[in-house]
Structures are given as structure tokens and as C-alpha cells.
Amino acid sequence: MAITLEQVNTAPREQALQLLDGLYEHSPWVAEKALDARPFRSLAHLKHAMAQVLRGAGKDAQVKLIQAHPELAGKAMVSKSLTAESANEQGKAGLADCTPEEFATLQKLNTDYNAKFGFPFILAVRGPRGTGLSRRQIIETFARRLLNHPDFELQENLRNIHRVVELRLNDKFAATPALGNDVWDWHEALSQYSDPGYLEKGQLTVTYLTDAHRACAAYISGTMRDCGFDEVSIDAVGNVVGVYKASAPGAKTLLTGSHYDTVRNGGKYDGRLGIFAPMACVRELHRQGKRLPFNIEVVGFAEEEGQRYKATFLGSGALIGDFKPEWLDQKDTDGITMREAMHNAGLKPDDIGKIKREAGNYLGFVEVHIEQGPVLNELDLPLGIVTSINGNVRYLCEISGMASHAGTTPMNRRRDAAAATAELLLYVERRAAQDGDSVGTVGMLQVPSGSINVVPGRCLFSLDLRAPVDAQRDALVADVLAELKAICERRGVHFTTELTERAAAAPSAPAWQQRWERAVDSLGVPLHAMPSGAGHDAMKLHKVMPQAMLFVRGQNSGISHNPLESSTSDDIELAIQAFTHLLTHLSP
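Residue numbering for the sequence shown follows the numbering used here, starting at 123 and increasing by one per position.
Encoded structure:
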């Protein structure tokens, strides 16, 4: 029989502890300590309280808890001495049905892992949707994590324990993240479409107006119709547009959405979560026969990544009248112009100007997005409130010194371009860290015609400098360029810089940020405000209307633009609930 939050909140301490028995392997102290936080406002609050107990327990207690867990397909499974919960979880993952080869592989991985880290490998084998990972996925994850640093792996084990406990709590409370499961499934269905050359390798790549891209647009359109949108269309640049009408004509519109194209060999959730989450909200409104005092317009932006053509934010840019006509003459690697690609897709480039939105008709723009970083994952928080989208400045740089013989040129007489660049790189790292929320990256680094026995005479590199406020970013840029000049003067080398991009920061509109804060607070989840280091479609809409974003925790340390990009159906469920709160409490 399912337990309730009221029972946990009101039962005597010992009885409440019995209700929460079996969550942590042979470690009831975590649940016992978490009861100090009663009353719990929600199941999400209870989950977070338990994670916080373990977070503050200290390394010795954390290691002891990890050591209380059984190995995967290990001795406890063979001897049938697993706890009922572990036996159920390992059984669902098919670990009891390993082939001899799989079993031998897991045994070796267990041995190697314990020898390196001193504790067993922990993995939430029921996975991000709760239905179980495959044995292949388990073995691949095991092998990958064996390469991690011990401190990181300790925390990764704890994060997996939190996920195990989350699923066990769902079982105890008979709580199913039904909307999160549906949206998770939509992501899986959409990921079946990928460009040639990647699909065959099991990789996800969807670039602008390819067959896979058009198939994605068709899938999103069909799902919008199934959700009950009143109008569904594909516009002149390939954006998929769904409108759910207001309770009365003449109302203003809330705009939301994100992009459905991907980087090459990318992940399933970048952008797409911002399309599907509001679609799930609209579906529930439609099922309830409920209309709001404003229209809801969900846009799946056709292009944001700039992979096939150098035209980033093409989809959202077109909505604000920022489509550059010269883009139409760009050619892809096969020599196909964007204009030709549009015609082949049945689009009409001459109509692009007609899709510009009149900002006065809109309340604002909101976007849900995976964080694409490790912060929420490390804080054990499912959601984050975005305060600003970082402004960025990018340069392509060259340092020129003197190529010379590596054996005959004394160290104090070298004009080493690579050494000068290395010194600058370390300065960028230190200087950006001083601000706390600035970031600096040297992502491209090359020694042209380099040789093992030649002092580098040239070094080419990039600079990417970002901060949540333009003034902060500009101060960072000024300091880095000043240090570059000083390094080059001291080392007797020369430099050139080419500015390739300058994008203004996009602070969240205070009123809309507060709406997200109230929505997250209503779930019983602690608020965490944070800047967005990555650019998003909201940056474009920011130019013409107020905007604010909600971040959703990613799995695997929040990695993105990577096949390991992932999110759980539980976190997606919370994002949908937060979005629903924002919608139903919005008074135009």
C-alpha cells in the first residue's frame, strides 16, 4: 500500500522511519536525519532533504555508505543475499541474465574499480526513465567511469545513490512522473531521425533542412496536433509553430519554445526540451477543457546551432526581423545553397519577412532548457533560475616569435610563440575565475608546421570570454588583452587579434524571473539563481520582448553537445509542473 506525505509528516519519528525503511542500503541514519526537516512540502522536498543529509555527512560517512552497497552482478547477487530493493533493481536491468562473457567483464570491472577507488561502483541501473538500462549501457558506463578521478567518482556514486533513492521513494509513494515519462519518450522518438553518415553509427545529428530535419518538423507538428493545439504550421524558415488560443479573442500571446536542430553527434535534449515541456502543458490544458486569458505560442526553432550553414539563431532571428539575406547564398559542403535547400523543403524564402512578430502583441518569451553544465548536478538540485544569458566576445589570435633549433637555442634567448600562448592561457583561467561567474576559454590551439625539434615560431589560438553583464565581460576582455600585450613585450614576440563575435548579455526580465522563482518554490524545491554560460534563442527574443529561462538538471555531470547528454523523467516532470504554475498564475 502506498504511503503519503501526510503520513511521513505526522507519524511519530520511529513510525515515520519505518515508512522510509529500505531507501539506503543498510544505512537508515540518512532517512532518520532527514526527518529533522519535517514537514515536507512535497515529495521533491523530501528527496532533496535526504540528498542534503548525505551531502553534509562528511567523506568518511559517505564512503561507508557507498561500501554498504553491493557490486553489480557481484558476490551478493550470486549468493542471493541482496536486499529486496537491490535484487529488484538488478533484476530489472537483466543482470541476473548475463551471458558468461558479460558476467566475466563485470567481474573484472568490479575488481579493477575496487582496486582503484576502494569502494564499489554504484549505478542507478533503472536509468533516467526508471525502466532499466541495458547490460551494454551498464558495462559501457562502468568502463567509462573507471577512468575518472577518485574525488569525482566519489561524488558520482553519491549522485547515483540519490537517483536510486528517488526511484525507491517513487515506488513507496506510488508516484509516477507521467508527464515527464511522456516528454522523455517524445525525445526518444525524435532522436530516431539523424542525418546520413551519423544515423548508421547510432549518432544524433540533425542539421538545417536535411531529410532528418524535415522529419523532425513533421513529428513535432503531428505531436502538437495530438496535444490539442488550435493552429499548427511550418513557417518560411522551417520553424514549427503551434498556437493554443486564449479564452477570448484579441488577447496577447505568451511566446515559448527552443530549437530542434542539433550539433554533430549531439544529445537528445538540447533545445528540444524547451519545445516538448510547454507542449505537455498545453496538452493538459486541452484535456481539462481549460483556456487561459492569453494565447500560448510554442515554436520549435528550425536552426540555432549553425552547423550546415553559418547562420546561428536563424529560426529565432527570423521572428524578430533579423534574417540576413546574404545567408541565402551560403553553400553547404555539398555545394547546395540555403536558398536551394529551402526550395527543396517546400519553403518560400520570399516570405521570410512576413514571419516577423509584432512585439506589442506578446507578453514575453520564456524558455525551458537543460543546463548544459555541472552546477545543478553537483548541488543535487533539479531546477535553476536563469538570471542572465552571458554576453560573449570571441577572437582569433596569432602570436609570432622566431622558429629556431630546439637543441641550440638557449632557454633565455628563445622567442617561443607557444610558450607565450601557454602563459596567456593560464592567465585567462586565473582571471576569469576571479569573478566567480565569468568564463574564459582557449578552445582552438595550433602550432603551424610544428616539429618536435623546432622552437615554435607561430601559434594560432582562439579566445572566448563570457560574463553575465556586459561591463563585467568588457573588463575581463580588457585585462586579457592587456596581459597578452605584456607577455608578448616581455618575451619579444608579436601578436594580432581578430574580433569575430561580440554578443551582448541578456539579463532576465525581473518580473519573469520572479514568476519562475514562485513556480519553483511552489514545488518545494530550493531556489538556485545562476547565469547561463551558453547562448540560447532567448537571447534573440530579448532584443524585442522580456524573457526569462528555467534550467533543468542534466545527468552525467550535466554534459551537453554529447551523446551522454541526458535528463531524468522526474526532473522533466518538475519542469513541466513549474511551467504549468507559471501559466496558471499569469495575469496579463
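The beta carbon of each residue, even a glycine, is placed where N, CA and C say it ideally should be.
These numbers were taken from a predicted model, which means no experiment stands behind them.
Same chain, Cβ closer than 7 Å to HIS284, five either side skipped, listed in chain order: ALA173, ASP502
Local conformation of CYS220 per DSSP, three classes: coil
Candidates GLU211, ILE511, VAL666, ALA660: closest to SER287 by CA position: In the sequence as presented, Ser is not what sits at residue 287; that position holds Val. Nearest option by C-alpha distance: GLU211.
Inter-residue spacing [alpha-carbon to alpha-carbon] between ASN534 and ASP559: 37 Å
For LEU377, the first and last residue of its enclosing beta strand (DSSP E): 375–381
Between the CA atoms of GLY396 and PRO496 - distance to the nearest angstrom: 19 Å
Own chain residues within Cβ distance below 7 Å of ILE188, not counting five before or after: PHE241, PRO242, ILE244, ASN279
Limits of the beta strand (DSSP E) - the one that PRO653 falls within: 651–654
Sequence-distant residues of the same chain with beta carbon closer than 7 Å to TRP308, five excluded per side: THR345, PHE398
Proximity to GLU620 [Cα-Cα], best of LEU518, ALA215, ILE609, LEU705: LEU518
Span separating the alpha-carbon of GLN669 from that of ASP444: 17 Å
With 16 other Cβ atoms within 10 Å as the buried cut-off, status of LYS390: buried
Exposure of LEU663, with buried meaning 16 or more beta-carbon neighbours within 10 Å: buried
Secondary structure of VAL247, DSSP reduced to three states: coil
Under the three-state DSSP convention, the category TYR185 falls into: Looking at the sequence shown, residue 185 is not Tyr but Val. It is helical.
Residues bridged to GLY254 (per DSSP): Beta-bridge pairing links GLY254 to no other residue.
Terminal residues of the beta strand (DSSP E) in which TYR431 lies: Unbroken run through TYR431: none, as it is neither H nor E.
Nearest-angstrom Cα separation, counted from SER149 out to HIS335: 49 Å
Sub-8 Å separation of VAL488 and ARG624 beta-carbons: no
Cβ pair SER654, MET667 closer than 8 Å: no
Exposure label - LEU598; buried when at least 16 CB within 10 Å: buried
Contact the segment 463–471 vs the segment 357–369: 3+ CB pairs below 8 Å: yes
According to DSSP, residues forming a beta bridge with GLY506: PHE673
Distance CB(ALA539)-CB(GLY523) smaller than 8 Å: yes
Continuous alpha helix (DSSP H) assignments of at least 4 residues falling wholly in the segment 494–547: 497–501
Rounded C-alpha distance that separates ILE477 from ALA700: 30 Å
Of the listed residues ILE418, ALA641, GLY422, nearest to ALA340 (C-alpha basis): GLY422
Contact set for VAL580: own chain, Cβ-Cβ below 6 Å, skip 5 residues either direction: Looking at the sequence shown, residue 580 is not Val but Arg. Closer than 6 Å at Cβ, skipping near neighbours: SER522, ALA539, PRO570.
Assigned exposure category for ARG595 - 16 Cβ within 10 Å defines buried: buried
Whether GLU275 touches PHE225 by CB criterion (8 Å): no
Alpha-carbon spacing of PRO447 relative to VAL647, whole angstroms: 46 Å
Sequence-distant residues of the same chain with beta carbon closer than 6 Å to HIS703, five excluded per side: ALA641, SER644
Distance CB(ALA133)-CB(LEU141) smaller than 8 Å: yes
Beta-carbon separation (whole angstroms), ASP456 vs GLU425, contact threshold 8 Å: Contact flag wrong, Cβ pair sits at about 17 Å.
Under 8 Å between C-beta atoms of GLN429 and ARG386: yes
Coarse secondary structure for LYS453, derived from DSSP in three states: strand
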